[in-house]
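Chemist: What the sequence shown shows, in this note's numbering, is residues 151 to 701, in sequence order.
Have a look at the structure that comes next, please.
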Amino acid sequence: MKYIFITGGVVSSLGKGITASSIGRLLKARDFKINMVKIDPYLQIDAGTMSPYEHGEVFVTDDGGETDLDLGNYERFIDVSLRADNNITTGKIYKTVLEKERRGDYLGKTVQVIPHITDEIKRRIKNLGENYDITIVEIGGTVGDIESLPFLEAIRQFKKDVGKDNVLYVHVSLLPYIKTAGEVKTKPTQHSIKELRGIGIQPDILVGRTEVPIGEKIREKLALFCDVEKDAVIEARDAKTIYEVPLNLEKEGIGNLIVEKLKLMEIYHKKYDDSNKNIKETIKPDLSQWRSMVDRIINPLNEVNIAIIGKYVILRDAYMSIIEALVHAGAKNDTKVNIKWIGSEELDTKNYNEILDNYRENEVLDGILVPGGFGERGVNGKINAIKYARENKIPFLGICLGMQCAVIEYARNVCNLKEAHSTEFHEDTPHPVVDLLPDQVNLKEKGGTMRLGAYPAILKEDTLAYSLYGSKKVYERHRHRYEVNPKYHNILESNGLIISGFSPDGKLAELIELSDHPYFIATQGHPEFKSRPNKPHPLFDGLVKEALKKN
Ligand code: GLN
151 MKYIFITGGV VSSLGKGITA SSIGRLLKAR DFKINMVKID PYLQIDAGTM SPYEHGEVFV
211 TDDGGETDLD LGNYERFIDV SLRADNNITT GKIYKTVLEK ERRGDYLGKT VQVIPHITDE
271 IKRRIKNLGE NYDITIVEIG GTVGDIESLP FLEAIRQFKK DVGKDNVLYV HVSLLPYIKT
331 AGEVKTKPTQ HSIKELRGIG IQPDILVGRT EVPIGEKIRE KLALFCDVEK DAVIEARDAK
391 TIYEVPLNLE KEGIGNLIVE KLKLMEIYHK KYDDSNKNIK ETIKPDLSQW RSMVDRIINP
451 LNEVNIAIIG KYVILRDAYM SIIEALVHAG AKNDTKVNIK WIGSEELDTK NYNEILDNYR
511 ENEVLDGILV PGGFGERGVN GKINAIKYAR ENKIPFLGIC LGMQCAVIEY ARNVCNLKEA
571 HSTEFHEDTP HPVVDLLPDQ VNLKEKGGTM RLGAYPAILK EDTLAYSLYG SKKVYERHRH
631 RYEVNPKYHN ILESNGLIIS GFSPDGKLAE LIELSDHPYF IATQGHPEFK SRPNKPHPLF
691 DGLVKEALKK N
């Protein structure tokens with residue numbers, strides 16, 4: 151078992167997650183079995199209780215983990231389904247150690263950061279590495295943060311534990327270009343590596359994030375000052391799309407470098423052909439499909455404009471998986487999907503029709519997507535946007551809260567239940583069309599208690615949902631407390647709303663749609679989490695296809 155540890159230097163938002171994911175893709179393209187782990191040095195047990203303003207989107211795994219959004223990148227780049235445990239936080243580590251302490255497992259010993267916390271970190275990483283050829287571990291934060299020290303100490307010890315041929319340290323750092331000097335500067339990176347060395351870690355590979363080509367001189371300088379080989383200085387220039395990064399890094403030779411440094415040929419030989427002496431010296435990665443997908447993203451034939459009506463529109467990270475799912479659907483349809491961000495509060499006015507008409511006249515409204523969310527702010531604007539999409543036959547996709555709003559809209563304006571609402575926003579509404587189920591009513595703890603993770607839905611034949619998915623039983627990941635109130639299913643259905651997907655027991659509405667509309671569909675799950683660059687999600691694919699018809 152081999153381990154690659156990825157650290158970051160100088161500043162955050164360097165694209166460490168994309169670098170880690172790209173390395174994963176390059177190794178997967180060489181046929182290795184990859185696992186990916188994100189370490190978040192914050193004290194939360196998981197990302198579930200954090201506001202999108204703090205930490206962007208909460209990514210949900212099949213097993214119901216509420217994790218860091220980087221797990222979404224990992225899943226998209228290496229096309230796997232990860233688990234809650236693939237996201238390690240300081241909170242999880244301390245919780246386990248403190249529970250052990252209370253049980254008396256430490257037999258009277260003083261419980262300390264070293265070795266007890268570091269041992270627990272190593273134990274988790276080792277467990278995650280079992281059954282995989284290579285485990286890639288990204289350490290969140292920037293080298294020098296107090297919070298990440300125990301993790302850095304643990305990964306330093308790791309080399310001792312599993313042997314130097316089995317561990318590789320990659321440091322991703324910033325190489326700022328100073329315009330007035332016309333130069334790329336190496337000093338911040340030198341300092342960052344110095345800091346890392348002070349902790350006892352010497353990186354094997356340096357990935358330098360830069361706006362401009364760095365040139366031979368800078369490579370030499372970095373190699374000298376940072377004590378890495380010159381061919382281990384990898385230039386990571388700003389890319390046109392994140393999906394281009396694996397291709398760029400491959401050109402820089404990072405794939406073969408890792409194969410060599412981690413002696414991966416040995417695994418390859420063992421796996422494929424011990425006896426065949428003609429086996430190649432290097433493994434050629436198969437990136438052909440990936441390359442054509444990137445080509446379609448960079449040079450699309452068509453363009454389409456989808457409006458996202460959201461509450462956190464100033465914060466794009468809050469909708470990362472939705473944005474990527476639109477990119478994937480676009481790539482499949484050779485289409486650039488322009489996103490028009492509309493703050494839902496902007497539509498919380500009587501004039502919402504005019505505002506949306508105006509967007510339509512300016513040709514930025516070929517489709518409307520209403521994403522998930524929590525809290526009352528902006529809900530009326532979402533409901534207005536959905537009414538507009540329904541009445542004007544604009545392709546519409548509603549996700550989670552987006553589906554709940556579609557139900558409220560339909561109840562109010564078609565079923566004539568004027569004050570219908572969700573009890574999340576109006577506790578005493580006379581028509582609670584969206585409500586808490588009994589098991590959610592008296593919960594004391596907020597963390598990890600929603601309906602979380604993958605749940606099946608059974609689709610009705612002869613529905614849009616069925617024709618899009620092409621199968622009867624589908625799984626989507628959930629993250630919500632409220633449900634369409636089963637007491638209202640009949641009224642909604644008798645007024646023409648089609649509940650096209652139900653939970654297997656027939657109690658919960660999972661998908662809804664309209665028949666007298668070209669594309670009006672909403673789901674209680676979060677399909678965006680399962681979209682992949684080479685396998686766009688059918689609901690997003692359908693939205694883009696239908697929106698394209700406007701051209
Ligand atoms: N706030 C809603 C609920 O808890 C919807 C959540 C969501 O959109 N993820 O049910």
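The beta carbon of each residue, even a glycine, is placed where N, CA and C say it ideally should be.
Remember, it's a predicted structure, so these values are computed and weren't measured experimentally.
Out of LYS309, LYS568, VAL208, which has the shortest C-alpha to C-alpha gap to ALA234?
Modeler: Selected option, being the one with the closest Cα: VAL208.
Chemist: Out of LYS367, GLU394, ILE392, TYR393, point me to the one whose CA is closest to VAL383's CA.
Modeler: Ranking the options by Cα distance to VAL383, first place goes to LYS367.
Chemist: The ligand GLN and ARG466: does any heavy atom of the ligand fall closer than 7 Å to the residue's C-beta?
Modeler: No, since every heavy atom of the ligand GLN falls outside the 7 Å radius drawn around the Cβ of ARG466.
Chemist: Please indicate yes or no: does the CB of GLU611 lie closer than 7 Å to some heavy atom of the ligand GLN?
Modeler: GLU611: no, Cβ never under 7 Å from the ligand GLN.
Chemist: Taking 7 Å as the cut-off, is the C-beta of PHE679 nearer than that to any heavy atom in the ligand GLN?
Modeler: Checking every heavy atom of the ligand GLN against the Cβ of PHE679, none is found closer than 7 Å.
Chemist: According to DSSP, is PHE670 part of a helix, a strand, or is it coil?
Modeler: Residue state, collapsed to three classes: strand.
Chemist: Going by DSSP, name the residue or residues bridged to PRO606.
Modeler: PRO606 pairs with TYR625.
Chemist: In whole angstroms, what separates the C-alpha of LYS596 from that of THR199?
Modeler: Approximately 7 Å, taken between the alpha carbons.
Chemist: How about GLN554: is its Cβ closer than 7 Å to a heavy atom in the ligand GLN?
Modeler: Result yes, Cβ under 7 Å from the ligand GLN.
Chemist: Going by beta carbon distance, what residues of the same chain come within less than 6 Å of VAL753, once the five residues before and after it are set aside?
Modeler: The first residue shown for the chain is 151 and the last is 701, placing residue 753 beyond what the model contains.
Chemist: Which runs of the alpha helix (DSSP H) at least 4 residues long sit entirely within the segment 284 to 343? Give them in chain order.
Modeler: 299 to 312, all fully within the segment 284 to 343.
Chemist: Three or more beta-carbon pairs under 8 Å between the segment 175 to 186 and the segment 347 to 354, yes or no?
Modeler: The segment 175 to 186, when compared against the segment 347 to 354, does not touch it at the 8 Å Cβ threshold.
Chemist: Ignore the nearest five residues each way along the sequence and tell me which others in ASN542's own chain have a CB closer than 6 Å to its CB.
Modeler: Same-chain partners within the cutoff: there are none.
Chemist: The ligand GLN: which residues have Cβ under 5 Å from any of its heavy atoms, chain order?
Modeler: Listed along the chain, these residues meet the criterion: GLY522, PHE524, CYS550, LEU551, ARG629, HIS630, ARG631, TYR632.
Chemist: Just curious, the alpha helix (DSSP H) that LEU278 is in, first and last residue?
Modeler: Per DSSP, LEU278 belongs to the alpha helix (DSSP H) from 268 to 279.
Chemist: Give the straight-line distance between the Cα atoms of LEU567 and GLU678, rounded to the nearest whole angstrom.
Modeler: Cα to Cα, the separation comes out at about 31 Å.
Chemist: Let me make sure I understand the geometry here. Which of ARG629, GLU416, LEU248 has the alpha-carbon closest to that of LEU602?
Modeler: Among ARG629, GLU416, LEU248, the Cα nearest to that of LEU602 belongs to ARG629.
Chemist: Ignoring anything shorter than 4 residues, give me the alpha helix (DSSP H) runs that lie fully in the segment 430 to 467, in order along the chain.
Modeler: Listed in chain order, the complete alpha helix (DSSP H) runs (minimum 4 residues) inside the segment 430 to 467 are 438 to 448.
Chemist: Out of TYR560, LEU593, ASN508, which has the shortest C-alpha to C-alpha gap to GLY646?
Modeler: Of TYR560, LEU593, ASN508, the residue nearest in Cα terms is TYR560.
Chemist: Leaving out five residues on either side along the sequence, give the residues of the same chain with a beta carbon under 7 Å from the beta carbon of LEU689.
Modeler: Correct list, in chain order: LEU547, LEU618, ILE671, THR673, PRO677.
Chemist: Which of the three DSSP states is assigned to LYS421 in this structure?
Modeler: DSSP places LYS421 in helix when its eight states are reduced to three.
Chemist: LYS610 to HIS687, Cα distance in whole Å?
Modeler: Taking the straight line from one Cα to the other gives about 19 Å.
Chemist: Just the Cα atoms here: how many angstroms apart are ILE464 and SER494?
Modeler: The alpha-carbon atoms of ILE464 and SER494 are separated by roughly 11 Å.
Chemist: Counting C-beta neighbours from all protein chains within 10 Å, is the total for GLN262 16 or more, i.e. buried, or is it exposed?
Modeler: Classification for GLN262: exposed.
Chemist: Please classify GLU216 as buried or exposed, where buried requires at least 16 neighbouring CB atoms within 10 angstroms.
Modeler: GLU216 should be labelled buried.
Chemist: What residue range is occupied by the uninterrupted beta strand (DSSP E) comprising ALA386?
Modeler: 383 to 387 is the span of the beta strand (DSSP E), which, as asked, contains ALA386.
Chemist: Which class does LYS482 belong to by DSSP, given the choice of helix, strand or coil?
Modeler: The answer is helix: DSSP assigns LYS482 an H, G or I state.
Chemist: In whole angstroms, what is the alpha-carbon distance linking LYS371 and ILE458?
Modeler: Straight-line Cα distance between these residues: approximately 46 Å.
Chemist: Would you be able to state if there are at least three C-beta pairs under 8 Å between the segment 298 to 307 and the segment 398 to 416?
Modeler: These segments do not touch.
Chemist: Count the C-beta pairs between the segment 305 to 317 and the segment 267 to 274 that are closer than 8 Å, then say yes if the count reaches three, no if not.
Modeler: Counting Cβ pairs under 8 Å, three or more are found: they touch.
Chemist: According to DSSP, ARG682 sits in a beta bridge with which residue or residues?
Modeler: Bridge partners of ARG682: LYS685.
Chemist: Consult DSSP for LEU586 and reduce its assignment to one of helix, strand or coil.
Modeler: Residue state, collapsed to three classes: strand.
Chemist: Less than 8 Å between the beta carbons of GLY279 and LEU325, yes or no?
Modeler: Going by C-beta atoms, GLY279 is not nearer than 8 Å to LEU325.
Chemist: Indicate the three-state DSSP secondary structure (helix, strand or coil) for TYR632 in the structure shown.
Modeler: Note: TYR632 maps to strand in three-state DSSP.
Chemist: Give every residue of the same chain whose Cβ lies closer than 8 Å to the Cβ of GLU361, excluding the five residues on either side of it in the sequence, and list them in chain order.
Modeler: Answer for GLU361: TYR327, ARG387, ASP388, listed in chain order.
Chemist: For VAL557, name the three-state secondary structure that DSSP assigns.
Modeler: Residue state, collapsed to three classes: helix.
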